[in-house]
Amino acid sequence: MDAFLAQLWIARWPLFDGFLMTLGISVGSIVLGTILGCIVGIQLVFAPLWLRFPFRIYVDLMRGTPLLVLILAAFYIPAVLGLSLSAAQAGTLALGLFAGAHIGELVRGSLQAIPPGQIEAGRSIGLTFPQILGSVLLPQALRTSLPPWINTGVELIKGSSLLSMIGVGELLLKTQEVIGRNFMTIQFYVFAGIVYLVVNIALDMLGKSMERRLGARL
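Under UniProt numbering, the first residue of the sequence shown carries the number 1, and numbering increases by one thereafter.
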């Protein structure tokens, strides 16, 4: 144990840098996925049929493709097209696209669960559709979709460990580099697993707190 703590102290800064990279990519992909998901969900419910079709293809394609394949595609395809993306940017893009499809389905289901009469009630008092969407529909959809949205965020944090495959210096890759120097495989993998677990528990607690606050306001 003393030897492990000594090695952990020596490797503290590389591991901390990897932890920050994991958090940064996770937050960036959650934000990107949430924005995409809201757009996708709204289009799937309210857009004309011809416009829903490409969004439905996007959702089915992203949800049906393994995350690792999406990460590799986001890393290699832009280079073929002449676009210059760093490994971290490609990883954030892949996770964000993946999250956007799942969150889009959450938003779609939440919007469709709202009684149609609320739209008619909004129109009867002179609200435009964007006002109805922003003031009536989306707040209710947010409340009902928050718990599965938190689950999606947890999946993204865990999925960020796959970014080591394209050389992103996140927590898992930094852990592997440390293990390559001291050969304490079990100890450092267990440590990394505990860090992931603590972050996911903290996110879950934050989500429950937000859910309680939204429940008190809505």
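Each residue gets a CB set at the ideal place from its N, CA and C atoms; glycine is no exception.
{"query": "DSSP three-state label for residue 86, please.", "result": "coil"}
{"query": "Is residue 170 helix, strand or coil by DSSP?", "result": "coil"}
{"query": "Where residue 302 and residue 113 are concerned, what is the direct C-alpha to C-alpha distance, given to the nearest angstrom?", "result": "The first residue shown for the chain is 1 and the last is 218, placing residue 302 beyond what the model contains."}
{"query": "Assuming residue 44 contacts residue 56 (C-beta within less than 8 angstroms), just tell me the rounded distance between them.", "result": "7 angstroms"}
{"query": "Within 10 angstroms of the Cβ of residue 20, are there 16 or more other Cβ atoms? Answer buried if so, exposed if not.", "result": "exposed"}
{"query": "Does residue 183 pass the burial test, meaning 16 or more other C-beta atoms within 10 Å, or should it be called exposed?", "result": "exposed"}
{"query": "Could you tell me whether the Cβ atoms of residue 177 and residue 25 are closer together than 8 angstroms?", "result": "no"}
{"query": "Per DSSP, what kind of secondary structure is residue 11 in: helix, strand or coil?", "result": "coil"}
{"query": "Exposed or buried, residue 40, counting other C-beta atoms within 10 Å across all chains shown (16 or more means buried)?", "result": "buried"}
{"query": "Under 8 angstroms, with one C-beta from each stretch per pair, do the segment 147-167 and the segment 82-98 reach the 3-pair mark?", "result": "yes"}
{"query": "Return the chain-ordered list of same chain residues with a C-beta closer than 8 angstroms to the C-beta of residue 166, the five sequence neighbours on each side being excluded.", "result": "71, 72, 75, 87, 90 and 91"}
{"query": "Could you give the uninterrupted runs of the beta strand (DSSP E) lying entirely in the segment 42-110, keeping only those of 3 residues or more?", "result": "none"}
{"query": "Just verifying my parser: in three-state terms, what is the DSSP assignment at residue 128?", "result": "coil"}
{"query": "Use the C-beta contact count for residue 108: other C-beta atoms within 10 angstroms, 16 or more gives buried, fewer gives exposed.", "result": "buried"}
{"query": "Three-state secondary structure (DSSP) at residue 16?", "result": "helix"}
{"query": "Going by beta carbon distance, what residues of the same chain come within less than 8 angstroms of residue 67, once the five residues before and after it are set aside?", "result": "94, 95, 98, 159 and 162"}
{"query": "Could you check what DSSP says for residue 183 in three-state terms: helix, strand or coil?", "result": "coil"}
{"query": "Give the secondary structure of residue 147 by DSSP, where H, G and I count as helix, E and B as strand, and everything else as coil.", "result": "helix"}
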